[in-house]
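Undergrad:
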């Protein structure tokens, strides 16, 4: 089975949390029919990315990075770059972007899905056209006492934020509000 087929089957099994996810799942599945490549940025229209909600052990804080290109506080994540193991991609991105060495997946399956617009920008001296990230996110746990550090290529800040302040400091509050609500519904967070 090729990597596109494996990823497509994972997406087909995913149970959407709300109406937005029902629609995004439908569109994401269509992209498998339209494009041969949905895993690399060779597809300049839409490609998969993977993100992480990283909670501390007490589950009252979430780890955020100040993203250089987006110029805002965000969860960790990045493009699949050809890797259909999106859980592995999320783990790699958390480690690269925060310096954490130990992250424990609390979900092995997709936790949320979103189609995220990416504005035109310059990356490493190259122009990147506006496109879509077909994003899946997972939930992780990490020790907030473990050292964290900025990855200057990606971000200019890394910090643990009280969960109650999370939505106030992020620009993508609809995506994050859904993630928080689902974490509460599935008892990852205290109600």
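Residue numbers (the numbering used here): 20 to 210.
Virtual Cβ for every residue (Gly too), placed ideally from N, Cα, C.
Out of 121, 142, 140 and 138, which one is the CA nearest neighbour of residue 74?
TA: By 1-based counting over the chain shown, the position of residue 74 is 55. The option with the nearest alpha carbon to residue 74 is 121.
Undergrad: Exposed or buried, residue 198, counting other C-beta atoms within 10 Å across all chains shown (16 or more means buried)?
TA: Working through the chain shown from its first residue, we reach residue 198 at position 179. So residue 198 counts as buried.
Undergrad: Whose C-alpha, out of 51, 21, 93 and 63, is nearest the C-alpha of residue 193?
TA: One-based indexing of the chain shown puts residue 193 at position 174. It is 93.
Undergrad: Go through its chain and collect everything with a Cβ distance to residue 108's Cβ below 6 Å, but skip five positions before and after it.
TA: What you label residue 108 is simply residue 89 of the chain shown in a count that begins at 1. 69, 99 and 102.
Undergrad: Per the DSSP calculation, residue 192 is bridged to which residue(s)?
TA: As a first step, residue 192 must be located in the chain shown, where it is residue number 173. Bridge partners of residue 192: none, in fact.
Undergrad: In terms of residues, what are the limits of the alpha helix (DSSP H) holding residue 75?
TA: On the chain shown, position 56 is the one that residue 75 refers to. Run containing residue 75: none in the alpha helix (DSSP H); it sits in the beta strand (DSSP E), 65 to 75.
Undergrad: Rounded to a whole number of angstroms, what is the C-alpha to C-alpha distance between residue 169 and residue 82?
TA: Along the chain shown, read from residue 1 onward, the residue named residue 169 stands at position 150. Along the chain shown, read from residue 1 onward, the residue named residue 82 stands at position 63. Each residue's Cα considered, the two are about 12 Å apart.
Undergrad: Do you know how far the Cα of residue 154 is from the Cα of residue 135?
TA: The residue you call residue 135 lines up with position 116 of the chain shown. The residue you call residue 154 lines up with position 135 of the chain shown. Distance between the alpha carbons of residue 135 and residue 154 is about 7 Å.
Undergrad: May I ask which residues mark the beginning and end of the beta strand (DSSP E) holding residue 96?
TA: The residue given as residue 96 occupies position 77 in the chain shown. It spans 95 to 98 - the beta strand (DSSP E) in which residue 96 sits, taken as one unbroken run.
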